[in-house]
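Heads up, the thing below is written out as structure tokens.
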Amino acid sequence: MGASFSAYLYLVAAVMFIMALRGLSSPETARAGNLYGMGGMAIAILTTISMPEVTSYGLIIAGIIIGGGIGAFIAMRIQMTALPQLVAAFHSLVGLAACAVAAAAFYNPTPYGIGVPGNIAMGSLIEMSLGLAIGAITFTGSIIAFGKLQGLITGKPVTFPGQHLLNAILGVLLIVLVAWMATTNSVTAFWLIFIAPRGNSCAISAAERSRSLAVASIAVSVQPSNGTCTSMARITVCISTFSIIITLALLYRHDLVMCNHFPYDYCI
5 MGASFSAYLY LVAAVMFIMA LRGLSSPETA RAGNLYGMGG MAIAILTTIS MPEVTSYGLI
65 IAGIIIGGGI GAFIAMRIQM TALPQLVAAF HSLVGLAACA VAAAAFYNPT PYGIGVPGNI
125 AMGSLIEMSL GLAIGAITFT GSIIAFGKLQ GLITGKPVTF PGQHLLNAIL GVLLIVLVAW
185 MATTNSVTAF WLIFIAPRGN SCAISAAERS RSLAVASIAV SVQPSNGTCT SMARITVCIS
245 TFSIIITLAL LYRHDLVMCN HFPYDYCI
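Residues in the sequence shown are numbered consecutively from 5, following the numbering used here.
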């Protein structure tokens, strides 16, 4: 498939994504909006996997079958009253996916055109570390949100003295870790951002933020992190496809609009 024809198909997919979001703005047009969204995604996926550089068809098909099967199974069994916690659980997977994408790009940067192992461009390392950090925020915060909505964790706000000071310290620590990784290509810094005790500042901050919210605020609190995380997951691997840029703009705009209907302090 030629590059020009692929660009036209991506444009069609992007327009369908716009129509999908427009349709989902009203209950009367929601069904059509879903169909537009599914059609646009199908076009984007088929266009991408038809490119000559894509060769791992077995993994792609396996992912579609496994993911689609799990999604269909959950959709058929889930109760409408359980949708908020389902969304929170899915948001956590978005965050984990962002972290996995960052790890893939960090350990094998050559296919993404951002350098070679141990010598990745600083700009790409900054994007990668931010994608990893925000992915950890979304993953951990959404897990706490799921626990609250499911009744596994108390729905009352959980606060403690010095909470804001702790968050400030963790924020500074995160900046230091990002700078360390961006300037040294350090594997240690990469994993400290994600998993090290007291080094996982983003995950701890998200957990404390979610615990401090009342259960009624949880569904709103995951919206900004979800939109940001989705964007950063794509930025991590420097994907600049036109349709993806439009789609991410729509997703983030959608999350911001949702937050705009609720008090500001719920969405920060």
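Glycine is no exception: its CB is placed at the ideal position from the N, C-alpha and C atoms.
C-beta contact flag for residue i and residue j at 8 Å
i, j, result
"N38", "N123", "no"
"A125", "I118", "yes"
"S48", "A79", "At residue 48 the sequence reads Ala, which differs from the Ser that was named. The answer is no: Cβ separation not under 8 Å."
"F150", "Q89", "yes"
"T144", "H95", "no"
"A24", "G41", "yes"
"A140", "C103", "yes"
"A137", "V182", "yes"
"L153", "A92", "yes"
"S10", "T51", "yes"
"S146", "G175", "no"
"I69", "I53", "no"
"P113", "V120", "yes"
"G44", "F77", "no"
"F110", "F198", "no"
Residue i in three-state terms, based on DSSP
i, result
"I124", "strand"
"F164", "coil"
"L136", "helix"
"S190", "coil"
"Q83", "coil"
"V105", "helix"
"Y12", "helix"
"G43", "helix"
"P31", "helix"
"Q290", "Because the chain spans 5 through 272 in this model, residue 290 falls outside it and cannot be assessed."
"N38", "helix"
"N171", "helix"
"I157", "coil"
"E57", "coil"
"I147", "helix"
"F199", "Looking at the sequence shown, residue 199 is not Phe but Ile. Three-state DSSP puts I199 in coil, outside helix and strand."
Counterpart residues of residue i in DSSP-defined beta bridges
i, result
"G119", "I124"
Original post:
Hey, is the region 180-199 in contact with the region 129-139, meaning 3+ C-beta pairs nearer than 8 Å?
Top reply: Yes, the region 180-199 touches the region 129-139.
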